[in-house]
Amino acid sequence: MARRSTRLSAKTAPSTPIATASKSTPAARVTTKDPETISFPSPTDFNAWLLANGTTTPSGIWLKIAKKASRIPSVSYDEAVDAALCHGWIDGQRKALDGNYFAQRFTPRRRNSLWSKRNVDKAAALAAEGRMHDTGRAEVDAARADGRWDRAYAGPATMRVPADFAAALQTNREAGEAFGRLGRSARFPFLWRVATAKREETRRRRIDTLVAMLARGETLT
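Residue numbers (UniProt numbering): 1 to 221.
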């Protein structure tokens, strides 16, 4: 059966024009529709931009990052994630640009947004190193207070199929076979939906929905 791809829902980013980078930050710009696309030659420059603009850029930016093979001076993806966490921001979608660059979306963390275990570990290490700014500490404190910190989900490399989802797949041959054909990255959206359900009723309902989707040959992206 041919597979159809179903995208996870996401809120549309506001179209408000983004403030320009401060003069002290050497940022190269590309004229695009909002959110703005900006590049920085080093993590220090991105950190300075976040310090100046992080609380006044609600729709975030596309961060233009040079590929390693290009040898163009650029903040790296890992360096950018560290800087973002220190200011209460988070990385999102990635898109290709050209042979030398890709663009990574960075936005302020939304209220009640979930944490990955990877970012929990990173944030804890950054705090221990004294690198967290007030906005970053506020997001960590909020996540600790409402339980999101302890409910952090595993990434694609480590997330396992939970027992209740595996049992549901065994009751539907078409769904089980379809899931078995999926690679690790294609499985992750299904496992993420199960793992991030806050209530048992929601979890059961999601499992039923996902099994039905798999039986119809649908996938998630």
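Every residue gets a Cβ at the ideal spot worked out from N, C-alpha and C, and that includes glycine. In this text the structure is predicted, and so the values were computed from the model without any measurement.
Would you identify the three-state DSSP class for residue 183, choosing helix, strand or coil?
coil
Suppose you measure from the CA of residue 216 to the CA of residue 184; what does that come to, to the nearest Å?
20 Å
Alpha-carbon to alpha-carbon, residue 117 and residue 147:
13 Å
Where residue 69 sits in the DSSP three-state scheme:
helix
At the level of alpha carbons, what is the spacing between residue 135 and residue 174?
47 Å
Residue from 64, 84, 157, 91 with nearest C-alpha to residue 126:
84
Residue ranges of each beta strand (DSSP E) run of no fewer than 3 residues wholly in the segment 68-127, ordered along the chain?
89-96, 101-108
With distances taken between CB atoms, is the gap from residue 49 to residue 103 smaller than 8 Å?
no
Where the beta strand (DSSP E) containing residue 37 begins and where it ends:
37-39
Residues that DSSP places opposite residue 198 in a beta bridge:
According to DSSP, residue 198 bridges with nothing at all.
Buried versus exposed call for residue 22 [16 or more other C-beta atoms within 10 Å across all chains shown]
Because residue 22 carries a pLDDT of 40, less than 50, the predicted location of this residue cannot be relied on, and the following value inherits that uncertainty. Classification of residue 22: exposed, given that the 10 Å Cβ count is below 16.
Nearest-angstrom Cα separation, counted from residue 156 out to residue 95
19 Å
List the whole-angstrom C-beta distance separating residue 196 from residue 97, where the pair is believed to meet the contact cut-off of C-beta under 8 Å.
Actually they are not in contact, since the Cβ atoms of residue 196 and residue 97 sit about 30 Å apart, beyond 8 Å.
What's the gap between the Cα of residue 87 and the Cα of residue 144?
17 Å
Do you know offhand how far residue 162's Cα is from residue 200's?
13 Å
Are any of the Cβ atoms in chain C nearer than 8 Å to that of residue 191?
Although the question refers to chain C, the structure presented lacks it and comprises just one protein chain.
So, helix, strand or coil for residue 227, using DSSP?
This structure cannot settle anything about residue 227, because the visible part of the chain is limited to 1 through 221.
Quick check on this structure: which residue in 213, 54, 65 has the alpha carbon closest to the alpha carbon of residue 89?
54
How would you call residue 57, buried or exposed, if buried means at least 16 neighbouring beta carbons within 10 angstroms?
buried
Using the Cα positions of residue 80 and residue 221, report the straight-line distance between them to the nearest angstrom.
24 Å
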